[in-house]
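K.L.:
Protein sequence lines, in the order shown, are assigned to chains A and B.
Under the working numbering, the first sequence has 70 at position 50, and the numbering climbs by one with no breaks.
Under the working numbering, the second sequence has 139 at position 119, and the numbering climbs by one with no breaks.
Backbone N, C-alpha and C define an ideal beta-carbon position, used for all residues, glycine too.
Note that the coordinates shown come from a computational prediction; the quantities given were computed from them, not determined experimentally.
Please see the structure below; I have some questions.
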Amino acid sequence: APDSDEIIDLPGLNHNISFRHYSGYLSGAEGKHLHYWFVESSRSPADDPVVLWMNGGPGCSSMEGLLAELGPYPVNPDGKTLKENIYAWNKMANVLFLEAPACVGYSYDTNGDCATGDDEVSFSNYLALKDFFTNKFPEYRKNEFFITGESYAGVYVPTLTVRVLEGQQDFNINLQGYAIGNGLSSYKLNDDSIIFFGYFHGLFGDDRSCLLFLQVAVASDIIYNQGLNMYNLYDDCPASPSAGNFSRVEADLSNIFKEHKSHPEMMLKARKRINNLT
Amino acid sequence: LDPPCTNGTNLLMYLNTPEVRKAIHIPDSVGKFELCSDEVNHDYKREYESMKPQYEFLTARVRGLVYNGDIDMACNFLGDEWFVESLGLRVVEGRKVWTEGGQVGGYVKRFENLDLLTVRGAGHMVPEDKPAPALKMITSFIFKKPY
């Protein structure tokens, strides 16, 4: 493991941890420097599998996965201290969080070129993996390896997994499988099914034809624009003080009804709404 | 102008702290941290409408798990269920309840080389919403244990 990448003293960490952790950069395609944060298993790092985790967007950081979802030390609401996550996935695996593509989070492109797409991202991520297993952590190359992620990683994960399998003769990684949570697998099926999902959860009725353009727009307005928590229908909808110029909601909304005529209007409404909670 | 229901302020504050940047070896030349990049999202080329060809390739070669928090509306469980069913894979185990801590964790249906699973009461961010069931789920998948 690279000594220069080891995290020695993490601010806000006020409890003891029984694993080592690293943060640094992996080389992707030319000029692409992808930030990684690797937390070793707290059980038996040499024997436990390596799990790659990617968040989606496209354009959202996997630091959310590390510091809010499955990592060992989520950030407290104060933004300064970390708490212990007793259900962290590094209880049984070495977990690699990768910020991709370049220009997401702390990843960067040497020339400031942030434009990219699905194929280029999977290629760059593949090169980053090779860098990880060749130069940074060769001792983990024999471990079982899984590729996982969430949301738009429904595209990142399968496309990367295909590349790893196709590249096995050239560069063998002990790939065992992949897992995707709430992934975007098909724009069409995701759009079609949300109408049924909304109907069966009582968000709207069947008094008008759902096939008409206007009714789909009405349905999407109810689902995404009237103050429901689109990420968790039954959860609270906390007020969100401005947290940046571009939000996770906007990134995820960009995947929904993207071919529908009402899509630009839906995005515009989302951007205009300020703490207009119901 | 962030819409409601997401609040990443704590992450932004933490990751943009100079001491944290230094501890995780971020060069000074790299700009401030944002959770999502408008620039990347706006210019991103979405080259695939469906992942069906990729799954057809993968399910013949390695194990997979598709899981969904069942109250998410960004990528809802029904869409992924329809997607997995559309692959026409051989069913290994019919749909049944899986449990965690004596409670219903959700439902699971197992196809050849692909498990389809819901996490009851979880939204989009499953490991955050239902940490204990999420850990059990991923452990079961990785180590080939029963869900």
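If you draw a straight line from the C-alpha of B/Lys-156 to the C-alpha of A/Ala-290, how long is it?
P.N.:
Each residue's alpha carbon lies about 36 Å from the other.
K.L.:
May I ask you to verify whether the segment 28 to 44 of chain A touches the segment 80 to 98 of chain A, counting CB pairs closer than 8 Å and requiring at least 3?
P.N.:
With the cut-off at 8 Å, the segment 28 to 44 of chain A and the segment 80 to 98 of chain A touch.
K.L.:
Could you name the residues of the same chain whose beta carbon sits closer than 8 Å to that of B/Gly-114, not counting the 5 residues immediately before and after it, in chain order?
P.N.:
Excluding residues within five positions, the ones whose Cβ falls inside 8 Å are Lys-129.
K.L.:
Can you name the start and end residues of the alpha helix (DSSP H) that A/Ser-267 belongs to?
P.N.:
It is not in any alpha helix (DSSP H) - A/Ser-267 carries neither H nor E in the DSSP assignment.
K.L.:
Identify the contact partners of B/Ser-2 in chain A, using a Cβ-Cβ distance below 9 Å as the criterion.
P.N.:
With chain B covering 21 to 167 only, the question about residue 2 of chain B has no answer from this structure.
K.L.:
Which residues in chain B have a C-beta closer than 7 Å to the C-beta of A/Leu-195? List them in chain order.
P.N.:
The contacting residues are Val-82.
K.L.:
What does B/Asp-92 reach in chain A if we use C-beta pairs closer than 7 Å?
P.N.:
Correct list: Asn-202, Tyr-251 and Asn-252.
K.L.:
Beta-carbon of A/Val-184 versus every beta-carbon of chain B: anything under 7 Å?
P.N.:
Closer than 7 Å: no.
K.L.:
At 8 Å on the CB atoms, spell out the chain A contacts of B/Thr-79, in chain order.
P.N.:
Those within 8 Å of B/Thr-79 in chain A number zero; the least Cβ separation is about 10 Å.
K.L.:
Can you tell me whether DSSP reads A/Leu-180 as helix, strand or coil?
P.N.:
The answer is helix: DSSP assigns A/Leu-180 an H, G or I state.
K.L.:
Using beta carbons (cut-off 7 Å, strictly below), is A/Ala-21 in contact with chain B?
P.N.:
It does not: the Cβ of A/Ala-21 has no partner Cβ on chain B nearer than 7 Å.
K.L.:
Grab me the residues of B/Leu-32's own chain with a C-beta within less than 8 Å of its C-beta, minus the 5 sequence neighbours each way, in chain order.
P.N.:
Result list for B/Leu-32: Phe-53, Glu-54 and Leu-55, in chain order.
K.L.:
Would you say B/Gly-99 lies against chain A (beta-carbon separation less than 7 Å)?
P.N.:
Interface residue, yes.
K.L.:
Using a Cβ cut-off of 7 Å (strictly closer), state whether B/Tyr-34 contacts chain A.
P.N.:
So, interface residue.
K.L.:
Do you know whose CA, among B/Trp-118, B/Met-71, B/Tyr-64 and B/Gly-28, lies nearest A/Asp-133's CA?
P.N.:
Cα-wise, what sits closest to A/Asp-133 is B/Tyr-64.
K.L.:
Which chain A residues are close to B/Glu-59, counting only those with a beta carbon under 7 Å from its beta carbon?
P.N.:
Within chain A, the residues near B/Glu-59 are Cys-123 and Cys-134.
K.L.:
Cα-Cα, which of A/Lys-100, A/Leu-147, A/Ser-47 and A/Ala-49 is closest to A/Asn-34?
P.N.:
The residue with the shortest Cα to Cα distance from A/Asn-34 is A/Lys-100.
K.L.:
Kindly give me the distance between the Cβ atoms of B/Gly-125 and B/Arg-140, rounded to whole angstroms, as I take these residues to be in contact under 8 Å.
P.N.:
So it is a contact: roughly 6 Å between Cβ atoms.
K.L.:
Mind pulling the chain B residues with CB within less than 8 Å of A/Asn-96?
P.N.:
Within 8 Å Cβ-Cβ: Asn-30.
K.L.:
Which residues in chain E have a C-beta closer than 7 Å to the C-beta of A/Asp-272? List them in chain order.
P.N.:
Of the protein chains in the structure, A and B, none is chain E.
K.L.:
Closer than 9 Å, Cβ to Cβ, to anything on chain B: give me those residues from the segment 101 to 128 of chain A, in chain order.
P.N.:
Per Cβ criterion, the list reads Thr-101, Leu-102, Asn-105, Ile-106, Tyr-107, Ala-108, Trp-109, Lys-111, Met-112, Ala-113, Pro-121, Ala-122, Cys-123, Val-124, Gly-125, Tyr-126, Ser-127 and Tyr-128.
K.L.:
Report the rounded CA-to-CA distance for B/Ile-158 versus B/Pro-166, giving the unit in angstroms.
P.N.:
Their backbone Cα atoms lie some 11 Å apart in a straight line.
K.L.:
Going by C-alpha to C-alpha distance, which of A/Gly-125, A/Asn-114 and A/Asn-163 sits closest to B/Asn-61?
P.N.:
Answer by Cα proximity: A/Gly-125.
K.L.:
A/Ala-21 to A/Ala-66, Cα distance in whole Å?
P.N.:
A/Ala-21 and A/Ala-66: Cα-Cα distance of roughly 12 Å.
K.L.:
So with CB distances below 9 Å, who are the chain A contacts of B/Thr-138?
P.N.:
None at all; the shortest Cβ gap to chain A is about 10 Å.
K.L.:
Counting pairs of Cβ atoms below 8 Å between the segment 244 to 258 of chain A and the segment 90 to 98 of chain B, do you hit three or more?
P.N.:
Output reads yes: the segment 90 to 98 of chain B touches the segment 244 to 258 of chain A.
K.L.:
Taking contact to mean at least 3 C-beta pairs separated by less than 8 Å, is the segment 212 to 220 of chain A in contact with the segment 105 to 119 of chain B?
P.N.:
Taking 8 Å as the limit for Cβ pairs, the verdict is that the segment 105 to 119 of chain B does not touch the segment 212 to 220 of chain A.
K.L.:
How would you label A/Thr-168, buried or exposed, when you count the other beta carbons within 10 angstroms and need 16 or more for buried?
P.N.:
Classification of A/Thr-168: buried, given that the 10 Å Cβ count is 16 or more.
K.L.:
Does A/Ile-214 get closer than 7 Å to chain B when you measure Cβ to Cβ?
P.N.:
True, the Cβ-Cβ gap to chain B drops below 7 Å.
K.L.:
Any beta carbon of chain A sitting closer than 7 Å to that of B/Pro-147?
P.N.:
Answer yes: the Cβ-Cβ gap between B/Pro-147 and chain A drops below 7 Å somewhere.
K.L.:
Taking only the alpha-carbon atoms, compute the straight-line gap between B/Leu-109 and B/Tyr-75 and give it to the nearest angstrom.
P.N.:
Computed Cα separation, rounded: 10 Å.
K.L.:
On the three-pair Cβ rule with 8 Å, is the segment 140 to 148 of chain A touching the segment 73 to 87 of chain B?
P.N.:
No, because fewer than three Cβ pairs between the segment 140 to 148 of chain A and the segment 73 to 87 of chain B fall closer than 8 Å, the two stretches do not touch.
K.L.:
In the segment 161 to 189 of chain A, which residues sit with their C-beta less than 8 Å from some C-beta in chain B, listed in chain order?
P.N.:
Correct list: Glu-164, Phe-166, Thr-168, Glu-170, Ser-171, Gly-174, Val-175, Pro-178, Thr-179, Thr-181, Val-182 and Leu-185.
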